[in-house]
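K.L.:
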Amino acid sequence: CTTMQQLNKLRYRYELRTFAISHVKAFGHHNACRFGTSSQTRTDGKQLAATTSLNAGSTDVNEPSTSDSARPLEQLLSSRSRLTAAAQMAWAQIIRPGDIVVDATCGNGHDTLFLARAVGPRGTVYAFDIQPAAVEATRRRVQEGLTEAEAPRVHVLQACHSRMQEHVGSNRAKVIVFNLGYLPQGGNKELITTCTTTTQALEAALEVICPGGLISIMAYIGHPGGMEEYTAVKQLLSELSPSYWVSTESRLLNRPTAPIMMMLWRQHAPG
66 CTTMQQLNKL
76 RYRYELRTFA
86 ISHVKAFGHH
96 NACRFGTSSQ
106 TRTDGKQLAA
116 TTSLNAGSTD
126 VNEPSTSDSA
136 RPLEQLLSSR
146 SRLTAAAQMA
156 WAQIIRPGDI
166 VVDATCGNGH
176 DTLFLARAVG
186 PRGTVYAFDI
196 QPAAVEATRR
206 RVQEGLTEAE
216 APRVHVLQAC
226 HSRMQEHVGS
236 NRAKVIVFNL
246 GYLPQGGNKE
256 LITTCTTTTQ
266 ALEAALEVIC
276 PGGLISIMAY
286 IGHPGGMEEY
296 TAVKQLLSEL
306 SPSYWVSTES
316 RLLNRPTAPI
326 MMMLWRQHAP
336 G
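Add 65 to a position in the sequence shown, counting from 1, and you land on the number used in my numbering.
Right under this line is the structure:
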């Protein structure tokens, strides 16, 4: 038993280090992030998880190259969709062909299409949204973006993401992505994700994600209710046991209303 415990601890440390490195590399360079770990214990005995903050001004790129393809951090930081691009880079490092993935808030279908390409024709994608316009837009984007030979099994469901486990099952998904807020590009800005349904959906996602899987959450705080939703999500993630979960947060410090990216990785074995 002692030997197995030691092996599990070594495996956990390796997985934690690998996840941390891959998460930082998603921003193009290790020095783009500052990691801080808190050992503070809440009154209910649950430890706060590790968090990261992205400071766009704290880069230190060694051996600069004149090639654009060799400067991913510069490309990322000059993009208008910095954190969205970083999130997709992280998903791509986790997903393998044939995996099951979930877009919990499919909106206009951009993330659904990305996930569909990543899992390939042997994979399965579940996409959720309560708005008929979003469901139709997602189906159309996937159909137009993939040939029949490229397309995986895609289930676009007009349903609340809190019902995710009912449709997907337990311990099955490799990546689950959330884009909180309202439907962009002509959507009804009065119809937004809420603290109640979002926390219910995240609790369902904790059951749906498989060991080694990643839950990605993009929280938009610039609209009414956005900050409250982000606070509720952050509290839920912070209270998860570090023996089973690795939790990170990334944000642009000099843009207070920019979206905030949170990621939650389920370990293969308790640490």
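Ideal placement from N, C-alpha and C gives every residue a C-beta, glycine not left out.
(1) Where does arginine 187 sit, in a helix, a strand or coil, going by DSSP?
(2) Taking contact to mean 3 or more Cβ pairs, one atom from each stretch, closer than 8 Å, check whether the segment 297-310 and the segment 322-336 are in contact.
(3) Measuring only the C-alpha atoms, how far is isoleucine 195 from isoleucine 280?
(4) Opposite valine 219 in the DSSP bridges: which residues?
(5) Could you have a look at arginine 316 and say whether DSSP puts it in helix, strand or coil?
(6) Which value, in whole angstroms, describes the spacing of the CA atoms of threonine 177 and threonine 149?
(7) Measure from the C-beta of tryptophan 310 to each C-beta in chain B and report whether the shortest distance is under 9 Å.
(8) Hey, is the segment 200-208 in contact with the segment 226-237, meaning 3+ C-beta pairs nearer than 8 Å?
(9) By the three-class DSSP mapping on this structure, what secondary structure does leucine 30 have?
(10) Given that a residue counts as buried once 16 or more other Cβ atoms are within 10 Å of its Cβ, and exposed if not, what is threonine 212?
(11) Given this structure, state the Cα-to-Cα distance separating aspartate 164 from alanine 192, to the nearest angstrom.
(12) Which word fits glutamate 294, buried or exposed, when buried means at least 16 other C-beta atoms lie within 10 angstroms of its C-beta?
(13) Could you please give the first and the last residue of the uninterrupted alpha helix (DSSP H) stretch that includes isoleucine 159?
(14) Determine, using beta carbons only, whether arginine 161 and valine 190 come nearer to each other than 9 Å.
(15) Output the distance between the C-alpha atoms of serine 303 and valine 200, rounded to the nearest integer angstrom.
(16) DSSP three-state label for leucine 305, please.
(17) Based on the DSSP output, what are the partners of serine 281 in its beta bridges?
(18) Using the beta-carbon count (16 or more within 10 Å), is alanine 155 buried or exposed?
(19) In terms of alpha-carbon separation, which member of His220, Glu268, Gly174 lies closest to asparagine 244?
P.N.:
Short version:
(1) Position 122 of the sequence shown, counting from 1, holds the residue named residue 187. Three-state DSSP puts arginine 187 in coil, outside helix and strand.
(2) yes
(3) Counting from one through the sequence shown, the residue named residue 195 turns up at place 130. Counting from one through the sequence shown, the residue named residue 280 turns up at place 215. Those two C-alpha atoms are separated by around 20 Å.
(4) Residue numbering aside, residue 219 sits at position 154 when the sequence shown is read from its first letter. Looking at the DSSP assignment, valine 219 forms a beta bridge with Val190.
(5) The residue given as residue 316 occupies position 251 in the sequence shown. Reduced to three states, the DSSP call for arginine 316 is coil.
(6) Taking the first residue of the sequence shown as 1, we reach residue 177 at position 112. Taking the first residue of the sequence shown as 1, we reach residue 149 at position 84. Rounded to whole angstroms, threonine 177 to threonine 149 spans 13 Å at the Cα level.
(7) The structure shown contains no chain B; it holds only a single protein chain.
(8) no
(9) Residue 30 lies beyond the range of the chain shown here (66 to 336); nothing can be said about it.
(10) Sequence index remark: in the sequence shown, residue 212 carries index 147 (1-based). By the neighbour-count rule (16 or more Cβ atoms within 10 Å), threonine 212 is not buried but exposed.
(11) Looking up residue 164 in the sequence shown gives position 99. Looking up residue 192 in the sequence shown gives position 127. For aspartate 164 and alanine 192, the distance between alpha carbons rounds to 14 Å.
(12) Position 229 of the sequence shown, counted from the start, is the residue given in the question as residue 294. Glutamate 294 is buried by the Cβ-count criterion.
(13) Within the sequence shown, the letter at position 94 stands for residue 159. Note, isoleucine 159: alpha helix (DSSP H), 147-159.
(14) For this step, residue 161 is matched to residue 96 along the sequence shown. For this step, residue 190 is matched to residue 125 along the sequence shown. No, the Cβ-Cβ distance between arginine 161 and valine 190 is not below 9 Å.
(15) For this step, residue 303 is matched to residue 238 along the sequence shown. For this step, residue 200 is matched to residue 135 along the sequence shown. Computed Cα separation, rounded: 32 Å.
(16) For the purposes of this step, residue 305 is taken as the residue at position 240 of the sequence shown. Leucine 305: coil per DSSP, three-state reduction.
(17) As a first step, residue 281 is located in the sequence shown; it is residue number 216 there, counting from the start. The partner list for serine 281 (beta bridge, DSSP) reads Val242, Met328.
(18) The sequence position of residue 155 within the sequence shown is 90, counting from 1. Result: buried.
(19) Position 179 of the sequence shown, counted from the first residue, corresponds to residue 244. When only C-alpha atoms are compared, the closest one is Gly174.
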